[in-house]
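Enquirer: Protein chains in written order, with our numbering: chain F, 140 to 189; chain C, 430 to 815.
Encoded as structure tokens, here's the structure I'll be asking about.
Have a look at this one:
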């Protein structure tokens, strides 16, 4: 395996791993929002503000 | 009289030498035909007309042959020309964040907030970027060039332009045209993979209705999203910061005028300038190269890998989900960030198998996650290679 390919694979693994970690943190953030700020009947629905 | 005729002939010769007819080369003709094809596809088949009409016309403008030595200062690559000044927005990468501001002001993140596990589909589709990156390196491209080519797989024109302007500005025309072409060709590129990689049973999966999202969640989402972005991937800040800012303008409820401007006139103006200048930048002399052909082929490959990765990831994810919570893999393709084109394809292909199974709202979750995912990928690439 050439050094270039090794580096490419390393960047690819770190990159895709980084994206999954980032997205997983987003997932946890959204779950936390749902837990601490749930939708209540008396609140206006979170529809688009258009 | 003889002097007058000589004078006339001299001037007519000078005039003719300055015309396009005297300076035309086969490359100009080929590019002009490309431009006409783009305009035809946009008007006749409505393939992303808002992009392809400006790009196609830009290709015509950029490939009008003229005598460079006449110092007319009209070419896009001539310092100080009007086109060159407008091109700075592409070259320096300040059109894409403005487009992202508009996209943020248009995007409703409810589908994602209501079903957050779909965000992982947006991550899976970024395999297309990194797969194409490795293949481009193996084909002899430099690492910075390979990253710019790989980002085509994110199916996000502004992100591709932003990253390429930083890493490989000499490939800007080919990468931008390739990214926008494949975005326009989503109805042709994605469905075969979606049909091929899913079983009949999977195509018929009905997903649960999404929960109602509170307004507070929708307001806090862009603020926390910005902070996460800034702290985790600072290099993605120009794109994601603007995306979340636009979204806050939309969701706050108190900046309606700003949101309307951002998603209306402002994004329209920047789209016109971006599309036109991307087209103009494809001058035959710099664009018609073997590298451009390779970039087009690799772009198609990146796009295909991204689509397959999204669909296959949903199938894999379903192995861990209970019956009733399963995800229809036909929304896996929507993890690329072509909003709403790829989500619309999920809906169209889904309806082919069950005319009452509407997948559009479910597909919007991975679709907006794809916007975030491709911008994060661009930020990571910048962090690694800039």
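A virtual CB, placed ideally from N, CA and C, is assigned to each residue, including glycine.
The structure displayed is predicted, hence computed values, not measured ones.
(1) My guess is that residue 588 of chain C and residue 797 of chain C are in contact by the Cβ rule of under 8 Å, so how many angstroms apart are they, rounded?
(2) Rounded to a whole number of angstroms, what is the C-alpha to C-alpha distance between residue 620 of chain C and residue 734 of chain C?
(3) Rounded to whole angstroms, what is the Cα-Cα separation between residue 713 of chain C and residue 470 of chain C?
(4) Do three or more CB pairs link the segment 534-554 of chain C to the segment 144-163 of chain F at distances below 8 Å?
(5) Could you check how far apart the C-beta atoms of residue 590 of chain C and residue 601 of chain C are, in whole angstroms? I think they sit under 8 Å.
(6) Which residues of chain F have a Cβ atom closer than 7 Å to the Cβ of residue 645 of chain C, listed in chain order?
(7) Is the segment 633-643 of chain C touching the segment 605-621 of chain C, taking contact as three or more C-beta pairs under 8 Å?
(8) Helix, strand or coil for residue 187 of chain F? Go by DSSP, reduced to three states.
(9) Are residue 568 of chain C and residue 580 of chain C touching if we call contact CB-CB under 7 Å?
(10) Nearest CA to the CA of residue 624 of chain C: which residue from C/715, C/501, C/736?
(11) Compare the C-beta of residue 545 of chain C with all C-beta atoms of chain F and state if any pair is closer than 7 Å.
(12) Counting only the same chain and skipping the five closest in sequence on each side, list residues whose C-beta sits under 6 Å from that of residue 562 of chain C.
(13) The alpha helix (DSSP H) that contains residue 554 of chain C, what's its start and end?
(14) Looking at the structure shown, is residue 643 of chain C part of a helix, part of a strand, or coil, going by DSSP?
(15) What's the call for residue 609 of chain C, buried or exposed, on a 16-neighbour Cβ count within 10 Å?
(16) Report yes or no: do the segment 752-767 of chain C and the segment 516-523 of chain C share at least 3 C-beta pairs separated by less than 8 Å?
(17) Can you tell me which of the three DSSP states residue 439 of chain C falls into?
(18) Does the Cβ-Cβ distance between residue 476 of chain C and residue 613 of chain C come in under 7 Å?
(19) Report the start-end ranges of each alpha helix (DSSP H) in the segment 438-516 of chain C that is 4 residues or longer and not cut off at the edges.
(20) When the distance is taken between beta carbons, is residue 808 of chain C closer than 7 Å to residue 765 of chain C?
(21) Return no unless some Cβ of chain C is closer than 7 Å to the Cβ of residue 151 of chain F.
(22) If we ignore side chains and look at the alpha-carbon of each, how far apart do residue 705 of chain C and residue 586 of chain C end up?
Expert: So, from the listed chains and residues:
(1) Residue 588 of chain C to residue 797 of chain C, Cβ: 14 Å. No contact.
(2) 13 Å
(3) 21 Å
(4) yes
(5) Confirmed, Cβ separation roughly 7 Å.
(6) 176
(7) no
(8) Below a pLDDT of 50, predicted positions are generally treated as unreliable, and residue 187 of chain F, at 46, falls in that range; the measurement from the model is reported next regardless. Looking at residue 187 of chain F - three-state DSSP - the assignment turns out to be coil, as it is neither helix nor strand.
(9) no
(10) C/736
(11) yes
(12) 575, 576, 579
(13) First-last for residue 554 of chain C: undefined, no H or E at that position.
(14) Here residue 643 of chain C sits in strand by DSSP.
(15) buried
(16) no
(17) helix
(18) yes
(19) 449-452, 455-473, 478-491
(20) no
(21) With 7 Å as the cut-off, residue 151 of chain F counts as an interface residue toward chain C.
(22) Each residue's alpha carbon lies about 13 Å from the other.
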